[in-house]
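The numbering of the sequence shown is numbering that gives the first Met the number 0, which starts it at 0 and goes up by one.
Positions of the beta carbon are idealized from the N, C-alpha and C atoms, including for glycine.
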Amino acid sequence: MLQSFTTVFQQIVILFIMIGVGYVCSKRGFLSPLTIKELSKFIIYVVTPCIVVESFHRPFDSSMLGNMGIACAAAIGAHLLNIILSRVLIRDKEQNRRVVYQFATIFSNCGFMGLPLQYAILGTDGVFYGAVFIAVFNVFTWTYGFTMMGSKGQKLKFKEILLNPGVLGVTAGLIIFINSLQIPHVLLVPIKSFAALNTPLPMVVVGYYLAQITSLKVLKDRYLVITQAVKLLAAPLLALLMFYLAGIRGLLLISLVISASAPSAANTVMFSVLFNRDTKLAVTLVSVSVLISLFTMPLVISLAMAAA
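Here's what the structure looks like:
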């Protein structure tokens, strides 16, 4: 419990330092709204696919293939559970706000918060299963999440949903892993370099929009409280129970629960920017969930470790 708490606390401190940089840059006028919007596109269309490809760039191991399938099925189950909970519990009448609350409830920050924790607690195998969860996260984000957030004034085509950087990145990563393909050094170095931006750039964007918030009235919104309670406690605990009843144990169980218990995804802000949703609400949800996760993640992860 103490080790998990310390590791999570360190990651959250790192996260808020980066958010603070974006906040200060915004207050100093170093970043413009246009810059942030274009930076958000860069993160979604370039950085995210690179981190998925990098995670799957490893020699094929037949002994891990079965667990990979289990991890994939479990991740799908966790996302479906979150979708059901969000649709049942988040009923804000204003669609512009409702979809942001639902997106923040469904999708977790399984990249930044998940992978470092999985590496620190479980090692490289934990990271691999975390990458499987990220792959499923990307598929759901670019299908269900994309459709849900983009429905306002957007005419979406099946081709746009299927042939996007998130889904293509997952497909490329699976091909690389299953065939043990070696990416040439001249390509691998740029991929790793862009993947490394997955942590600082989204947090700078969050910090920028955090600086734009002039009122804390949103904190009184009951749906914000519901979102945090579901995302950080109800959903991960139900996911843990679901995984346990399905017979998942050991390292795989812990890795999956780490991903499921992470705070709301930074993509909540990215997609809000792209589709002109309530960006200030999205920033508040992400920032508050990261802060509260300081206390909830150690609790949920410790329960998973005890059950494993």
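With distances taken Cα to Cα, identify the nearest neighbour of Asp-220 among Tyr-22, Pro-115, Leu-231, Tyr-100.
For the purposes of this step, residue 220 is taken as residue 221 along the sequence shown, with counting starting at 1. Taking only the C-alpha atoms, the option nearest Asp-220 is Tyr-100.
In whole angstroms, give me the CA-to-CA distance for Val-268 and Leu-255.
Along the sequence shown, read from residue 1 onward, the residue named residue 268 stands at position 269. Along the sequence shown, read from residue 1 onward, the residue named residue 255 stands at position 256. In a straight line, the C-alpha of Val-268 is about 24 Å away from that of Leu-255.
Which same chain residues end up closer than 7 Å to Phe-102 when comparing Cβ atoms and leaving out the 5 residues on each side of it in sequence?
Translated into positions along the sequence shown, residue 102 becomes position 103. These residues qualify, in order along the chain: Gly-144, Met-147, Met-148, Thr-267, Phe-270.
Given this structure, state the Cα-to-Cα distance separating Pro-297 from Ile-13, to the nearest angstrom.
In the sequence shown, residue 297 corresponds to position 298, counting from 1. In the sequence shown, residue 13 corresponds to position 14, counting from 1. Each residue's alpha carbon lies about 17 Å from the other.
Does the stretch 124-139 come into contact with the stretch 12-29, if we say contact requires no fewer than three beta-carbon pairs (one atom in each stretch) closer than 8 Å?
In short, these stretches do not touch, since the Cβ pair count stays below three.
Tell whether a beta-carbon distance below 7 Å holds between Cys-109 and Ser-258.
Sequence index remark: in the sequence shown, residue 109 carries index 110 (1-based). Sequence index remark: in the sequence shown, residue 258 carries index 259 (1-based). Yes.
Give the list of continuous alpha helix (DSSP H) stretches no shorter than 4 residues that lie fully inside the stretch 29-116.
Entirely contained in the stretch 29-116, the alpha helix (DSSP H) runs reaching 4 residues are, in chain order, 32-41, 47-55, 61-88, 94-105.
Sort out for me which residues DSSP pairs Ser-321 with in a bridge.
A query on residue 321 cannot be resolved here, the shown segment of the chain reaching from 0 to 307 and no further.
Would the beta-carbon of Ala-307 fall within 7 Å of that of Gly-246?
Residue mapping note: residue 307 aligns to position 308 of the sequence shown, counting from 1. Residue mapping note: residue 246 aligns to position 247 of the sequence shown, counting from 1. No, Cβ-Cβ distance for Ala-307 and Gly-246 is not below 7 Å.
Check Ala-245 in the structure and name its three-state DSSP category.
Start at 1 with the first residue of the sequence shown, and residue 245 comes out as number 246. DSSP places Ala-245 in coil when its eight states are reduced to three.
Taking the beta carbon of Leu-64 as the centre, do at least 16 other beta carbons fall within 10 Å, making it buried, or is it exposed?
What you label residue 64 is simply residue 65 of the sequence shown in a count that begins at 1. Per the 10 Å Cβ criterion, exposed.
Mark Phe-59 as exposed unless 16 or more other C-beta atoms lie within 10 angstroms of its C-beta, in which case mark it buried.
To locate residue 59, count along the sequence shown from 1; it is residue 60. Exposed.
In three-state DSSP terms, what is Leu-273?
The count along the sequence shown starts at 1 and reaches residue 273 at position 274. DSSP places Leu-273 in helix when its eight states are reduced to three.
Assuming Val-7 contacts Ala-171 (C-beta within less than 8 Å), just tell me the rounded distance between them.
Locating residue 7 in the sequence shown gives position 8, counting from the first residue. Locating residue 171 in the sequence shown gives position 172, counting from the first residue. Contact flag wrong, Cβ pair sits at about 31 Å.
Look at the alpha carbon of Thr-104 and the alpha carbon of Ser-179, and state the distance between them as a whole number of angstroms.
Position 105 of the sequence shown, counted from the start, is the residue given in the question as residue 104. Position 180 of the sequence shown, counted from the start, is the residue given in the question as residue 179. In a straight line, the C-alpha of Thr-104 is about 35 Å away from that of Ser-179.
Using a threshold of 7 Å, state whether the C-beta atoms of Cys-49 and Phe-193 are closer than that.
The residue you call residue 49 lines up with position 50 of the sequence shown. The residue you call residue 193 lines up with position 194 of the sequence shown. In contact: Cys-49 and Phe-193 (Cβ atoms closer than 7 Å).
Whose C-beta lies closer than 7 Å to the C-beta of Leu-121 among residues of the same chain, with five residues either side of it excluded?
Taking the sequence shown and counting its residues from 1, one reaches residue 121 at position 122. Excluding residues within five positions, the ones whose Cβ falls inside 7 Å are Leu-250, Ile-253, Ser-254.
Sort Val-204, Leu-280, Ala-233 by Cα distance to Leu-31 and report the nearest one.
If you number the sequence shown from 1, residue 31 lands on position 32. The sequence shown places Ser at residue 31, not Leu. Minimum Cα distance to Ser-31 is reached at Val-204.
With a floor of 4 residues, list each alpha helix (DSSP H) that falls wholly inside the stretch 169-215, ordered by position along the chain.
Counting whole runs of 4 or more residues, the stretch 169-215 contains the alpha helix (DSSP H) stretches 184-194, 199-209.
Taking a contact to mean a Cβ-Cβ separation below 7 Å, would you say Ala-281 touches Ser-107 in this structure?
Position 282 of the sequence shown, counting from 1, holds the residue named residue 281. Position 108 of the sequence shown, counting from 1, holds the residue named residue 107. Not in contact: Ala-281 and Ser-107 (Cβ atoms no closer than 7 Å).
Would you identify the three-state DSSP class for Leu-162, choosing helix, strand or coil?
Position 163 of the sequence shown, counted from the start, is the residue given in the question as residue 162. Leu-162: coil per DSSP, three-state reduction.
Give a yes or no on whether the C-beta atoms belonging to Phe-55 and Ile-175 are separated by under 7 Å.
The residue you call residue 55 lines up with position 56 of the sequence shown. The residue you call residue 175 lines up with position 176 of the sequence shown. It is a contact, given that the beta carbons lie within the stated cut-off.
Leu-240 to Phe-29, Cα distance in whole Å?
The count along the sequence shown starts at 1 and reaches residue 240 at position 241. The count along the sequence shown starts at 1 and reaches residue 29 at position 30. C-alpha separation (whole angstroms): 47 Å.
Do Leu-209 and Ser-292 come within 7 Å of each other at the CB atom, strictly closer than that value?
By 1-based counting over the sequence shown, the position of residue 292 is 293. By 1-based counting over the sequence shown, the position of residue 209 is 210. No. Outside cutoff.
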